[in-house]
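Structure first, then comments.
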Amino acid sequence: MANLSFFNTLGRHLEPFAPIVAGEVKLYTCGPTVYSHVHIGNLRTFLFEDLLRRTLEHFGYRVLHVMNLTDVDDKTIRGALEHGVSLAAYTAPYIESFFADLDALHVRRAEIYPRATAHVPEMIALVEQLIERGHAYESDGSVWFRIGSDDDYGRLSGFDLAEARRGDRVASDEYEKEDVRDFVLWKAAKAGEPSWDSPWGPGRPGWHIECSAMSMKYLGERLDIHCGGVDNIFPHHENEIAQSESATGVPFVRTWMHSEHLVVDGEKMSKSLGNQFTLADLSARGCSLRAVRYLMLSVHYRQKLNFTFPALDAASAALRRIDDFRFRLAHAPEAGAGDAALANASAAFVERFDACLMDDLNAAGALGALFDWVREGNSAIDRGLGVGDRERALASLARAEAVFGVLDAASWSTGEEASDEAAIVALVEEREQARRRRDWAAADRLRAELDALAVVVEDTPQGPRWKRR
Ligand code: AMP
Ligand code: ZN
Numbered sequence: 015m016a017n018l019s020f021f022n023t024l025g026r027h028l029e030p031f032a033p034i035v036a037g038e039v040k041l042y043t044c045g046p047t048v049y050s051h052v053h054i055g056n057l058r059t060f061l062f063e064d065l066l067r068r069t070l071e072h073f074g075y076r077v078l079h080v081m082n083l084t085d086v087d088d089k090t091i092r093g094a095l096e097h098g099v100s101l102a103a104y105t106a107p108y109i110e111s112f113f114a115d116l117d118a119l120h121v122r123r124a125e126i127y128p129r130a131t132a133h134v135p136e137m138i139a140l141v142e143q144l145i146e147r148g149h150a151y152e153s154d155g156s157v158w159f160r161i162g163s164d165d166d167y168g169r170l171s172g173f174d175l176a177e178a179r180r181g182d183r184v185a186s187d188e189y190e191k192e193d194v195r196d197f198v199l200w201k202a203a204k205a206g207e208p209s210w211d212s213p214w215g216p217g218r219p220g221w222h223i224e225c226s227a228m229s230m231k232y233l234g235e236r237l238d239i240h241c242g243g244v245d246n247i248f249p250h251h252e253n254e255i256a257q258s259e260s261a262t263g264v265p266f267v268r269t270w271m272h273s274e275h276l277v278v279d280g281e282k283m284s285k286s287l288g289n290q291f292t293l294a295d296l297s298a299r300g301c302s303l304r305a306v307r308y309l310m311l312s313v314h315y316r317q318k319l320n321f322t323f324p325a326l327d328a329a330s331a332a333l334r335r336i337d338d339f340r341f342r343l344a345h346a347p348e349a350g351a352g353d354a355a356l357a358n359a360s361a362a363f364v365e366r367f368d369a370c371l372m373d374d375l376n377a378a379g380a381l382g383a384l385f386d387w388v389r390e391g392n393s394a395i396d397r398g399l400g401v402g403d404r405e406r407a408l409a410s411l412a413r414a415e416a417v418f419g420v421l422d423a424a425s426w427s428t429g430e431e432a433s434d435e436a437a438i439v440a441l442v443e444e445r446e447q448a449r450r451r452r453d454w455a456a457a458d459r460l461r462a463e464l465d466a467l468a469v470v471v472e473d474t475p476q477g478p479r480w481k482r483r
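15 is the number of the first residue of the sequence shown in my numbering; add one for each residue after it.
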């Protein structure tokens, strides 16, 4: 099996990746809080997780991926109350749009998307286990995690418990707790809020316990990889570790991976700045979602991603280079023996591409290898392809496509556009034949037809190239 290395937030170092069971990866990623449409920052994190999943599969791992849907928390409850609808009615459209966004960006589906509201009994059982073991206590119908009972608390985030002073009066909190640092596992019901029956009276789960309960239900007590955005490190993931390990006594997660945030024009997204985009906002502006996927994947996941419209244009230009190459490859005549230089370049490409991905998902490096190879490929086409070169080059491209999911224009066009494209390719080809026959009248007529389809043809020494106007 390939030697992958990932940067583990736990310990903050790059380390070899080895799953608990050889060849199988248990992956948990924190899903959206479905109180509004996800924004492109959330999608950056989901795309990083998609790249991780595809990379693991590329290297032969079987992945069992669970992503939760947080459909009960302060924000979803507030939204439902404000709109005077049930929690389920309030969250349903956001769950639907979340899946539509994943599909629009060609994100591979996780195996399981558990909803918090469907797992309250599991959460209650976990809280009971924590109480039994002395790690939690009930107070006024709520249950708190006793942070002083966990000597390891702070290992993930570097949070220093000693610095947060013990016994400070809990200032504004409605709930009574022993220690200001304790965090809530179960919240007593407030009037008008949705609630579930529990041994401590009606209430609802805290956010952190949701992920501990759902991840362990589907993946077991020990996970290989747990992901989220950097804002999840503290307190959410720190608290997940505290809850899970205090309940089971075994290490919860081997590798913690966190993606850096997306910013827009160098600034944090916020409603007040008007720079918080959803995917629908970008579509309405006419942005290519394929370019969005490319841009998001082309920046290393541990670097901030600065989303700008010029960067999106650059992503489209990069994709056009690939599309041009694929088009030339499809139409280049083949004769004689295979091109040895192309074969060497392809072997080097495959090796460099894999090495980059193995090195903490260096997607930018892998794409760099791809473009170097495309340059070699174009030169080979100029020289004239040998028999079999096309098929071999297309296989190398398909290998890279399995990881990136963005390199094949055909899979991004709607059925209509795809058939449109086939028609354009046929017309371009027909016109080229006419030119070869020196039938200028026919060539002109065909150019006019293409013009009517808003397609511009450029004749180059390597043959015709076309693009949409
Ligand atoms: P939430 O719906 O707030 O729970 O967030 C869902 C996921 O998106 C979490 O993994 C967050 O860490 C991540 N996330 C939130 N904001 C951003 C951002 N600006 N850039 C990247 N990821 C983000
Ligand atoms: Zn979570």
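All C-beta atoms in this analysis are idealised placements derived from N, C-alpha and C, irrespective of residue type, glycine included. Keep in mind the model is a prediction, meaning the values are calculated, not measured.
Shown here, residue 217 sits in a strand according to DSSP, grouped into three states. In this structure the stretch 254-269 lies against the stretch 151-167, because at least three pairs of beta carbons, one per stretch, are closer than 8 angstroms. Shown here, residue 382 sits in a helix according to DSSP, grouped into three states. If you check the C-beta of residue 241 against the ligand ZN, you find no heavy atom less than 6 angstroms away. Assignment of residue 135 by DSSP, reduced to helix, strand and coil, places it in the helix class. The stretch 237-249 makes contact with the stretch 30-39, as at least three CB pairs between them are under 8 angstroms. Under the three-state reduction of DSSP, residue 401 is assigned to coil, being neither helix nor strand. Only residues of its own chain outside the window of five on either side were considered, and among them 55, 58, 243, 244, 245, 282, 318 and 319 have a CB closer than 8 angstroms to the CB of residue 275, listed in chain order. In this structure, residue 271 and residue 16 do not form a Cβ contact; the two beta carbons are roughly 17 angstroms apart against a cut-off of 8 angstroms. The stretch 208-216 and the stretch 129-143 touch, with three or more beta-carbon pairs separated by less than 8 angstroms. In the assembly as shown, residue 254 is a buried residue. Its beta-carbon has 16 or more other beta-carbons within 10 Å.
Straight-line measurement puts the Cα of residue 391 at about 8 angstroms from the Cα of residue 339. Annotation: residue 396 to residue 251 spans about 54 angstroms, alpha carbon to alpha carbon. In the three-state reduction of the DSSP assignment, residue 388 falls in the helix class, which pools H, G and I.
Rounded to the nearest angstrom, the Cβ distance from residue 41 to residue 377 is 18 angstroms, too far for a contact under 8 angstroms.
If you draw a straight line from the Cα of residue 402 to the Cα of residue 28, it comes to about 41 angstroms. Out of 458, 174, 337 and 51, the CA that lies nearest to the CA of residue 385 is found in 337. Taking 6 angstroms as the cut-off, the C-beta of residue 55 counts as close to a heavy atom of the ligand AMP. Here DSSP, grouped into helix, strand and coil, assigns residue 445 to helix. Classified as buried, residue 60 has 16 or more neighbouring CB atoms from the shown chains inside 10 Å of its CB.
Rounded to whole angstroms, the separation of the alpha carbons of residue 97 and residue 273 is 33 angstroms.
When distances are taken from the beta-carbon of residue 90 to the heavy atoms of the ligand AMP, even the shortest one reaches 6 angstroms or more. The three-state reading of DSSP puts residue 170 in coil, since its state is none of H, G, I, E or B. For residue 209, the closest of 102, 447, 287 and 313 by C-alpha to C-alpha distance is 102. For residue 202, the enclosing beta strand (DSSP E) has its first and last residue at 197-202.
When DSSP states are grouped into helix, strand and coil, residue 81 belongs to the strand group. Membership of residue 268 in the beta strand (DSSP E) is indicated by the continuous run 267-273.
In the DSSP assignment, residue 89 falls within the unbroken alpha helix (DSSP H) covering 88-97. Nearest C-alpha to residue 201 among 167, 154, 232 and 172: 154. Secondary structure of residue 42 (DSSP, three-state): strand.
For the 7 angstroms CB-CB criterion, residue 21 and residue 279 do not form a contact. Closest in alpha carbon position to residue 345, among 380, 365, 363 and 447, is 447. Restricting attention to 474, 481, 458 and 457, the CA atom closest to the CA of residue 468 is found in 481. Secondary structure of residue 479 (DSSP, three-state): strand. Per the Cβ contact rule, the stretch 414-428 is not in contact with the stretch 451-470 (fewer than 3 Cβ pairs under 8 angstroms).
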